[in-house]
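Numbers in the numbering used here are just positions in the sequence shown, counted from 1, shifted up by 1315.
Each remark here refers to the structure printed beneath this line.
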Amino acid sequence: MIGVPRIIVVALAAAFSAYHVVLGLASLATPSMAGPVIVAMVLYATATTLSLVPGRARLLPTWIAAVDLAVAVVMPLLVCAVLQPDADNGYATWYVAAVGTLMTIVAVRGRFVIAWVGVGFLTVQSLVWAGLGSFATLGVIGSLVWVAVAQVTTVTTARAARDTAAFAVAEREASELQAAQDAHLVERQVRLESTTRIAAPMLRRIVDSRGTLDAAGREECRQLEAAIRDEIRGRMLLDDGVREAVRAARMRGAAVTLLDEGGLDDLDDTSRTRVLDSLSQAISSTDAERIIVRTVAPGSLAAVTVVGRGPVGEAEALGVDSGDDVRLWLEIPRG
1316 MIGVPRIIVV ALAAAFSAYH VVLGLASLAT PSMAGPVIVA MVLYATATTL SLVPGRARLL
1376 PTWIAAVDLA VAVVMPLLVC AVLQPDADNG YATWYVAAVG TLMTIVAVRG RFVIAWVGVG
1436 FLTVQSLVWA GLGSFATLGV IGSLVWVAVA QVTTVTTARA ARDTAAFAVA EREASELQAA
1496 QDAHLVERQV RLESTTRIAA PMLRRIVDSR GTLDAAGREE CRQLEAAIRD EIRGRMLLDD
1556 GVREAVRAAR MRGAAVTLLD EGGLDDLDDT SRTRVLDSLS QAISSTDAER IIVRTVAPGS
1616 LAAVTVVGRG PVGEAEALGV DSGDDVRLWL EIPRG
């Protein structure tokens, strides 16, 4: 949505308001006394200035709106006190358009009730002072129309702004969803390619041998199955060094479990490389028969925990954690 700069709108409103003051000054010879008219001009200029001073909030402050309403009530009383209702006052009735302009500004700043009260008082005062026939000559109808148009325009513009913001949020969410889906597809494709690269040679051997494998072939299948499981569950815990260390541990009979729960996602490449180097060294240096590697949630001092344990004893076989067979406990720090 294309918007008009606020400074331009304020400048136009200020120029239009000043025009009414100029008309009043040009017709100072018409009133029986110039003093009340000058006071009305000063009040009008002050109220208009307060209403047009740039502020962060679009809604006009309550106290300024109250001042504007008071000026809208006082101005007609001051000026009409020195005019004759049955005379041709010409531009001396500038206050009617001035009140309409001031209340239009109030309406644009979101104080609709106060704006209607202001022009409502102007209507009643004009009716009492000069009669029903004065509506057309004084311009009261024009002031009412200005406030009505200001309210409709303000409400419509605010609704359009809300709709635009809602559409922008929806578009951003749709873009984020699309990006997430694309990332998921890319990740899925990478995993499929990795799985194919690992398993394809063995699958061809199985087909060629018609499913008959020797002990070494079956052991290699178990190793491949574990490697594929690592690629799925230990995504960020793997690099070439860790893969080799895990494979060597399994070849000597150890059971290795890698669990990536997103704890390394916030690390940069340098920090992640350092963590994985420490991990591969820890796996290579332990003789534990069960090794569990798990990432730690972001915000912790540690990035990865490594626990190495001995074989399953009689107590653990019965479901009791003895806690005496821990051979390795390592926390690899983030920094």
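Beta carbons: idealized from backbone N, C-alpha and C, even for Gly.
- Taking 4 residues as the shortest admissible run, the region 1500-1566 contains the following complete alpha helix (DSSP H) segments, listed from N- to C-terminal end: 1530-1548, 1555-1566.
- Cβ neighbours of R1609 within its own chain (closer than 6 Å, five residues either side excluded): L1574, T1620.
- For R1605, the enclosing beta strand (DSSP E) stretches over residues 1605-1610.
- As the crow flies, the alpha-carbon of A1483 is around 20 Å from that of Q1496.
- By the neighbour-count criterion, in which a residue is buried when 16 or more other Cβ atoms sit within 10 angstroms of its Cβ, V1421 is buried.
- Distance from the Cα of G1549 is smallest, within the candidate group L1539, E1576, C1536, G1568, for E1576.
- When rounded, the separation of the alpha-carbon atoms in I1647 and Q1493 is 35 Å.
- Rounded to whole angstroms, the separation of the alpha carbons of S1615 and A1570 is 27 Å.
- Each residue's CA atom was taken as its position, placing A1445 and P1400 some 5 Å apart.
- Fully contained in the region 1396-1437 is no beta strand (DSSP E) run of length 3 or more.
- The three-state reading of DSSP puts R1649 in coil, since its state is none of H, G, I, E or B.
- With respect to the 8 Å criterion, A1597 and R1649 are not classified as neighbours on the basis of their beta carbons.
- For Q1504, the number of other beta carbons within 10 angstroms of its own is below 16, and it is reported as exposed.
- Going by C-alpha positions, A1563 is about 8 Å away from S1599.
- For V1434, same chain residues with a beta-carbon under 6 Å away, outside a window of 5 residues either side, are M1418, S1458, L1459, V1462 in chain order.
- Counted as a single uninterrupted DSSP element, the beta strand (DSSP E) harbouring R1624 occupies residues 1617-1624.
- In this structure, S1509 keeps its C-beta atom at 8 Å or more from the C-beta atom of E1559.
- Within the DSSP secondary-structure output, A1570 pairs in a beta bridge with R1605.
- Between A1387 and L1453, the CB-CB gap reaches or exceeds 8 Å.
- Out of D1554, V1611, V1557, the CA that lies nearest to the CA of G1578 is found in V1611.
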